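Read the structure below first, then the notes.
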Amino acid sequence: MNARPWEITADLAVVGSGVAGLAAALAARELGLRVVVLTKDAADAGSTRWAQGGIAVVLTDGHEPGDSVARHVADTLTAAGGLAEPATVETILADGPAAVDGLRRLGAVFDASGSGGLSLAREGGHSAFRVVHAGGDATGAEVERALLAAARRPRASVPILTDHVSMDVLRLGGDSGPVGGLLVCDGRGRAGVVRAPAVLLATGGYAQLYASTTNPETSTGDGVALALRAGALAADLEFVQFHPTVLYTGRAARGRRPLVTEAVRGHGGVLVDAAGYRVMAGEHPLEDLAPRDAVSATITRRLAATGAQCVYLDASAVGDFADRFPTVFAACRLIGVDPRREPIPVSPAAHYCCGGVLVDVDGRTGVPGLYAAGEVARNGLHGANRLASNSLLEGLVVGRRVAHAVAAELACPRRLVPVCLSAAPLSAPMADRGLVQRAMSLAAGIGRDGAGLASASDAIEAASVDRPVVDRTGVEDAALTLLAQAVLAAAGTRTESRGCHVRTDFPRTDDRYQRTSLLIGLGADGAPAVRSGHEIRVGAA
Ligand code: SIN
Numbered sequence: 017m018n019a020r021p022w023e024i025t026a027d028l029a030v031v032g033s034g035v036a037g038l039a040a041a042l043a044a045r046e047l048g049l050r051v052v053v054l055t056k057d058a059a060d061a062g063s064t065r066w067a068q069g070g071i072a073v074v075l076t077d078g079h080e081p082g083d084s085v086a087r088h089v090a091d092t093l094t095a096a097g098g099l100a101e102p103a104t105v106e107t108i109l110a111d112g113p114a115a116v117d118g119l120r121r122l123g124a125v126f127d128a129s130g131s132g133g134l135s136l137a138r139e140g141g142h143s144a145f146r147v148v149h150a151g152g153d154a155t156g157a158e159v160e161r162a163l164l165a166a167a168r169r170p171r172a173s174v175p176i177l178t179d180h181v182s183m184d185v186l187r188l189g190g191d192s193g194p195v196g197g198l199l200v201c202d203g204r205g206r207a208g209v210v211r212a213p214a215v216l217l218a219t220g221g222y223a224q225l226y227a228s229t230t231n232p233e234t235s236t237g238d239g240v241a242l243a244l245r246a247g248a249l250a251a252d253l254e255f256v257q258f259h260p261t262v263l264y265t266g267r268a269a270r271g272r273r274p275l276v277t278e279a280v281r282g283h284g285g286v287l288v289d290a291a292g293y294r295v296m297a298g299e300h301p302l303e304d305l306a307p308r309d310a311v312s313a314t315i316t317r318r319l320a321a322t323g324a325q326c327v328y329l330d331a332s333a334v335g336d337f338a339d340r341f342p343t344v345f346a347a348c349r350l351i352g353v354d355p356r357r358e359p360i361p362v363s364p365a366a367h368y369c370c371g372g373v374l375v376d377v378d379g380r381t382g383v384p385g386l387y388a389a390g391e392v393a394r395n396g397l398h399g400a401n402r403l404a405s406n407s408l409l410e411g412l413v414v415g416r417r418v419a420h421a422v423a424a425e426l427a428c429p430r431r432l433v434p435v436c437l438s439a440a441p442l443s444a445p446m447a448d449r450g451l452v453q454r455a456m457s458l459a460a461g462i463g464r465d466g467a468g469l470a471s472a473s474d475a476i477e478a479a480s481v482d483r484p485v486v487d488r489t490g491v492e493d494a495a496l497t498l499l500a501q502a503v504l505a506a507a508g509t510r511t512e513s514r515g516c517h518v519r520t521d522f523p524r525t526d527d528r529y530q531r532t533s534l535l536i537g538l539g540a541d542g543a544p545a546v547r548s549g550h551e552i553r554v555g556a557a
């Protein structure tokens, strides 16, 4: 990296341009704050635009008869396996209708029902039709489009610096002071500093730890790594959610694989094996509409027992498939499958990280001035298993809350914009990305055991070399290596099965862990470790 040639100042620096980052940036502009958004790739290259199913919300007008926010809360808590924080769930979901209304005012267009209201879908774990969607199964793309368009309008005029990767969160007064900004590297390899008393991490998850995922290549856990290095804590990292129905494109399928939205099952699709037997029959009271962890675990067991590579989603009962699910339809046609007539080959793949940077409901970490929102964060909404389509809602709601929290903080005179920042050159352990992905897929997918987790950790440690972090590849490789060790440590410590954390050597839930999240911080050696004696009682964080 060359000498530092540039410097900018803002009240709030937002890292990431997905739903949470843009919602925060737009709200902050409304509140009169100077905002800058930084993203390491193109503005729409994150995971938001790949979201299919939609936004789970109980609309004020036009919800299914009998549905209520209280039912949505109950479904979320049930899916979360005891580890969600009820107060967090209630407050975030209660803000949902206003957040969706606000998005519609910004120009987002959702699919209408025949009666003039919004069309509602149902997904796994939901007891009602309450998922609003756009373009059939292209909700994330519409959300991203609408937010980006709003950010670019002269009225908001949010600067979005693309191809700018954030290398380090800078703290004033050494390691103990409040946040003072970010060290950034632009696409030409030039370092720069964004001076800002508030930094929001909205970088998405870390599903690229796995060889096969629904996520784009940008989901490398950068935000969790930045937060841990800045002294914040992370929690629930072991809960990596595998989506049950990801298009199976052959044995060598690697990298981002196309999602087949759960809404297909909400519209009557059923999972069958090669012989046509129902996969979910007798496995869960909700059968094909069971929460995602249950469906993925059942499929995984079935594949292990039969040696098959995939199961099938029979969508022949879904009317108007091509119109209702155009994205899925196009992906199926690319592999020569016509879902109107033939079952769709599917298998689970890494999809969503339920844990992340430990924050409160306004996105505050334990480091003054550092915030996190969206998939990068753990605020207690998802617990051990996220309910389908709660994440776009979370990004919208918590993004806005962060803006309000920052505005309130900046109104307080003790938080002055810093004048003196220094940035030491960074170096971090990095292992080969392919090796990390293979090790994690083998040892830390659905069905983990203590021996496998330990040997994956040893293999990654042996392959790790301390290198200077000078560009985007370095940031990502360092983040993936750190996150792999953090997930392995948490998964090894949680000697039970709960939600999307399935241990073959501890197949049952253990009441001792019923209300306990595992916290991860960096040790004096810079390595991630579960803090012994640092478990929290959920609700008391
Ligand atoms: C889906 O459409 O099945 C995915 C929705 C989600 O992950 O929330």
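Numbering-wise, this note's numbering puts 316 at position 300 of the sequence shown, and it's gapless, one number per residue.
Even for Gly, the Cβ is constructed at its ideal location relative to N, Cα and C.
Fair warning: this is a prediction, and the values are worked out from it, not measured in the lab.
TODO: Please list, in chain order, all residues of the same chain as S33 whose beta carbon is under 7 Å from its beta carbon, the five residues on each side excluded.
DONE: V53, T55, A59, G62 and I176
When we look at the beta-carbon of L494 and count the other beta-carbons within 10 Å, is it buried (16 or more) or exposed?
In the sequence under discussion, the amino acid at residue 494 is Ala, which differs from the Leu named in the question. Buried, because 16 or more other Cβ atoms sit within 10 Å of the Cβ of A494.
Test item: CB-CB of G371 and R402 under 8 Å: no
| Under 8 Å between C-beta atoms of Y387 and G221 | no
For this session: Give me whichever residues DSSP pairs with I176 in a beta bridge.
Result: V53
Beta-carbon proximity check, A447 vs E139, cutoff 8 Å = no
### Message
Using a Cβ-based criterion (distance less than 7 Å to any ligand heavy atom), does G69 qualify as near ligand 1?
### Response
yes
In terms of residue numbering, what span does the beta strand (DSSP E) encompassing A58 cover?
From DSSP, A58 is part of no beta strand (DSSP E); its letter is neither H nor E.
With a CB to CB cut of under 8 Å and the five nearest residues on each side skipped, what residues in its chain are close to S84? V74
Task: Cβ pair count under 8 Å reaching 3, the segment 508-524 against the segment 458-471 - done: yes
request  = Take the Cβ of V433 as the centre, count every other Cβ of all protein chains shown within 10 Å, and call the residue buried at 16 or more, exposed below.
outcome  = Interpretation of V433 is limited by its pLDDT of 46, a score under 50 that renders its predicted location unreliable; no figure is taken from the coordinates.
Go ahead and label E101 buried or exposed: buried means 16 or more other beta carbons lie within 10 angstroms of its beta carbon, across all protein chains shown. buried
* Could you tell me the distance, in whole angstroms, from the CA atom of P342 to the CA atom of V280? => One alpha carbon belongs to P342, the other to V280, and they sit about 11 Å apart.
- [ ] With DSSP as the reference, label G415 as helix, strand or coil.
- [x] Annotated three-state conformation of G415 is helix, per DSSP.
Could you compute how far the alpha carbon of S480 sits from the alpha carbon of T497? Put simply, the backbone Cα of S480 is about 8 Å away from that of T497.
DSSP three-state label for G282, please. helix
> Can the beta-carbon of G461 be found closer than 8 Å to that of Y264?
Replying inline: no
Query - Own chain residues within Cβ distance below 6 Å of Y529, not counting five before or after - result: E512
| task | Determine the direct distance from the alpha carbon of L242 to that of A556, and round the result to whole angstroms. | result | A caution first: A556 carries a pLDDT of 39, below 50, which makes its placement in the model unreliable, though a value can still be read off. Between A556 and L242, the C-alpha separation is close to 25 Å.
Checklist entry - In terms of residue numbering, what span does the beta strand (DSSP E) encompassing R211 cover? => result A207 to R211
Next on the checklist: When you compare the segment 94-110 with the segment 147-164, are there three or more beta-carbon pairs, one atom per stretch, that lie closer than 8 Å?
Outcome noted: no
| request: Flag this pair as yes or no: are the beta carbons of D202 and D179 separated by less than 8 Å? | output: yes
- What first and last residue would you give for the alpha helix (DSSP H) that runs through H88? Annotation for H88: the continuous alpha helix (DSSP H) segment containing it runs V85 to A95.
If V422 sits next to L28, beta carbons under 8 Å apart, how far is it from one beta carbon to the other, in whole angstroms?
5 Å
_If contact is defined by three or more beta carbon pairs under 8 Å, each pair taking one atom from either stretch, is the segment 348-367 in contact with the segment 273-293?_
yes
So which of V503, G537 and R547 has the shortest CA-CA distance to A5?
-> The first residue shown for the chain is 17 and the last is 557, placing residue 5 beyond what the model contains.
With a threshold of 7 Å, establish whether the CB of Y387 neighbours any heavy atom of ligand 1.
no
- Task: Work out the CA separation of R121 and I108 for me, nearest whole Å.
- Result: 20 Å
- prompt: Do you know offhand how far A166's Cα is from A124's?
  reply: 10 Å
| said: Can you check which of these residues, A90, M296 and V392, is closest to E410 by C-alpha distance? | reply: When each option's Cα is compared against that of E410, the closest is V392.
How about G78 and L42: are their beta carbons less than 8 Å apart? no
- Item | Among L442, D474 and D289, the one whose alpha carbon lies nearest that of A579 | Residue 579 cannot be examined here, being either before or after the span of the chain that is shown, 17 to 557.
Cut-off 8 Å between Cβ atoms - residues of its own chain near D487, not counting five sequence neighbours on either side
M17, V181, C201 and G205
Where S131 and P170 are concerned, what is the direct C-alpha to C-alpha distance, given to the nearest angstrom?
Straight through space, the alpha carbons of P170 and S131 are spaced by roughly 36 Å.
Note to self: I need the straight-line Cα distance from E13 to H420, nearest angstrom please.
What the structure shows: Outside the shown range of the chain (17 to 557) lies residue 13, about which nothing can therefore be said.
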